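Counting with mature numbering (1 follows the signal peptide of the UniProt record, and there is no 0), you get residues -18 to -1, 1 to 577 for the letters of the sequence shown. Some notes on the structure that comes next.
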Amino acid sequence: MMRKYILFAIVLLSCVSGIDNIDSFNGRTSKLSKYSIVHCYYHGEVEGYEDSVRKRNLPQTSYVELVLVVDQLRYIHNKENETAVREEMVQLANLLDGYYKQLNIRVVLVGLEIFKESNPFNVEGSAKKVLGDFVKWRKTSLLPKIRHDIAQLIVGLPEPYETNILGMAFVGTVCHVANAGGINVFSGDTKLPYFSTVVAHEMGHNLGMNHDTDGCSCNGEDSCIMASVSGGAPLFSGCSGTYFENLIIRGGGTCLKNQPSSTDVVDVAECGNGRLDKGEQCDCGKPEECNNKCCDAATCKFTSGSVCSQGECCDNCQIKVSGAPCRESVNTCDLTEYCNGTTEFCPNDFYVMDGLPCEDNQAAAYCYEGQCQTYDFQCRNLFKPDVLDPGYVNSGSPCDKGKTCLDFKCENASALLPNLDCDAQKCNNNGICNDQGNCHCDNGWAPPNCDRSGSGGSINSGRAQIDHSLRNGLLIFFLLVVPVLIIVILALLYIFKRDSLKPCLKRRRTKSSNPTTGNADRKANGNVQRSATTQPPSQATFDGPGYPPATEVPISEYGDMDYWNAEENASSVQPPAPRQGPGVPRPIPPKQPTH
């Protein structure tokens, strides 16, 4: 196994020597002696392990949009070099992405905040107090600026918190506005690969993972990332995968379905890293790993004829039409999002405005952060006793008639309402306010104010019905407009060109009523049929010169008769010579006078 662990240093970063394993996660403390051996971590090549873990998880890739917040102490430790801090955090995010790739989860660094002048809150004292202050600052100052799923605070204290606590985080709170965060102590003598397992552990709690129990293992190792006592292991156990899967099944993690735009990624662009970096159309990993027919792994460009390669609004390398649902509502306080017809990614997750009343299974409560905060809902999400409780009773829980819990106090329900200019009157009673202060219209009404007929939805989450306007417009154009244009063009041609067309039309009429003599002659002499039998003799008598002997008269020849011009051609066409039948005496020619 040691040889494989050495390979990990080549794949991800570097070996770690002399790690001081003082660690505690979420209240459980333990102190390990300093390792004297070299610890080099291997990732991604343990035969069969990664596939076995992935089988326990949902097939759709999840994307964690992460923001790292570096306090002033860590900034000073890096000699106030912003570039050095940035490179260190990018390496940290790459390590985290490598760990979570085992669970079909991609970690994308979308924001980096560095406290250069001073910390906006005290980072010393109790870990629980620092965590509470951090998530409050995140809600009021960070979220309005950078939309993300999880934020982790990097604290540069020289020593862990009381009772050797290196990290602390809320459990199962990913995508929550109030508590999707954690804190991590990055002391000066701690190496980055080891510290990355601390951050991975705290992020795991945000993603619904509890500590590993005795029955959990990772490829035969005794310690995994979610162990209650850290050993610096880079692997997740199958139990961690099951915890995350249960979070998704319960309706959590709705914000993890959208892949962030390449313009939001804080990273060094590299084709083949599996993340969409700036300047890339797609990135499906290295050529030997890529199985996406829409993406050329060698160039990170779309294949011929493709306009997208992934995303909820991409189907068979083409962008879905506007109005196709891409993220369904998961509860009464959530809203459905729709494709907009221009991008392969689903819009951000939006929900009903906080403070609006809701009802789930006949239990009344208030919407808060996209959830109907009934007690039944909270009971279904109880956590194990060995991790930090996320706050006793969630904000939005009813505590009396017309009142709700807010920051552990029973307040008027109106206190939940954000400072947004949106109410039922703005939506004309044909929609509901979302968390951005805009109307989400019912089907049949158009945003932004739901005061006219339309397809529903909002300006944030897209229209609720598939847009057939292009198809209908093409049908109208080809079935109605094109025929009318043809008729108009022909009429105009006749009006403006009729003088030049008259001679042509006149010649055509003359030709059809008076064919030329040459034509008649051609018809009279052409296509000659020779009779195979003799014709009966003519009984008519003729005045005029005598006729040659019958023996000199050839068998009669008839041409094609032109009945239209029979009278006109009577003078030019000679009748056939009379013939004698057999046994009929020839007429005696008149006697010639003698002189």
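Heads up, the beta-carbon is just placed ideally off N, CA and C, and yes, glycines get one too. From a predicted model like this one, the values you see are computed outputs, not experimental measurements.
Inter-residue spacing [alpha-carbon to alpha-carbon] between residue i and residue j
i, j, result
"D413", "E393", "Note that residue 413 corresponds to Gly in the displayed sequence, not to Asp. Their Cα atoms are separated by approximately 27 Å."
"Y82", "P175", "14 Å"
"V92", "K239", "15 Å"
"D278", "Q292", "13 Å"
"G235", "C290", "24 Å"
"C212", "C206", "Note on identity: in this sequence residue 212 is Ser, with Cys being the wrong assignment. Their Cα atoms are separated by approximately 8 Å."
"G190", "D131", "13 Å"
"L78", "G164", "14 Å"
"Q73", "H183", "17 Å"
"G114", "S377", "14 Å"
"V463", "V90", "51 Å"
"E227", "L48", "20 Å"
"Y333", "V153", "21 Å"
"T499", "P465", "Per-residue confidence for T499 stands at a pLDDT of 49, beneath the threshold of 50, marking its modelled position as unreliable; the derived number appears in the next sentence. Cα to Cα, T499 sits roughly 44 Å from P465."
"N454", "D336", "40 Å"
"P410", "L472", "The residue asked about is misnamed: residue 410 is Asn in this sequence, not Pro. Whole-angstrom Cα-Cα distance: 52 Å."
"Y350", "T318", "16 Å"
"E270", "S219", "26 Å"
Cβ-Cβ distance between residue i and residue j below 8 Å
i, j, result
"D265", "C253", "yes"
"Q54", "N101", "yes"
"Y348", "G439", "no"
"G444", "P329", "yes"
"P140", "G170", "yes"
"F327", "Q418", "no"
"T122", "N86", "no"
"C237", "C157", "yes"
"N146", "G233", "no"
"T386", "L398", "yes"
"Q134", "V181", "yes"
"A151", "N192", "no"
Buried versus exposed call for residue i [16 or more other C-beta atoms within 10 Å across all chains shown]
i, result
"K302", "buried"
"L229", "buried"
"S554", "Bear in mind that a pLDDT of 49 at S554, under 50, signals an unreliable position, so the model cannot answer this."
"Q353", "buried"
"N322", "buried"
"D331", "buried"
"D382", "exposed"
"G149", "buried"
"I136", "buried"
"D194", "buried"
"P400", "exposed"
"I468", "exposed"
"D316", "buried"
"L457", "exposed"
"I477", "exposed"
"R88", "buried"
"residue 597", "The question about residue 597 has no answer, for the chain in this structure spans -18 to 577."
"T324", "exposed"
For residue i, the three-state DSSP class (helix, strand or coil)
i, result
"I165", "strand"
"T386", "strand"
"K275", "coil"
"H422", "strand"
"G444", "strand"
"E64", "helix"
"V463", "helix"
"Q353", "strand"
"I207", "coil"
"E479", "The amino acid occupying residue 479 in the given sequence is Lys; Glu does not appear at that position. Looking at K479 - three-state DSSP - the assignment turns out to be helix."
"S520", "Any reading at S520 must be qualified, since the residue scores a pLDDT of 46, below 50, and its modelled position is unreliable; the value itself is stated next. Here S520 sits in coil by DSSP."
"E326", "coil"
"M(-17)", "With a pLDDT of only 33 at M(-17), under the threshold of 50, the placement of this residue in the model should not be trusted; the figure read from the coordinates follows. Note: M(-17) maps to helix in three-state DSSP."
"Q73", "helix"
"C221", "helix"
"A215", "coil"
"residue 660", "Examination of residue 660 is not possible in this model, given that the chain is present from -18 through 577 alone."
"A182", "helix"
"R56", "helix"
"D316", "strand"
"A473", "helix"
"F177", "helix"
"G455", "helix"
"C237", "helix"
"K83", "helix"
heavy atom of the ligand MN below 7 Å from residue i C-beta
i, result
"G138", "Ligands displayed in this structure: none; no statement on the ligand MN is therefore possible."
* To do: Please list the segments of the alpha helix (DSSP H) lying wholly inside the segment 97 to 127, counting only runs of 4 or more residues, in order along the chain.
  => List check, alpha helix (DSSP H) in window: 109 to 119.
* Whole beta strand (DSSP E) runs in the segment 134 to 159 with 3 or more residues, listed along the chain? -> DSSP runs (the beta strand (DSSP E)) wholly in the segment 134 to 159: 149 to 151.
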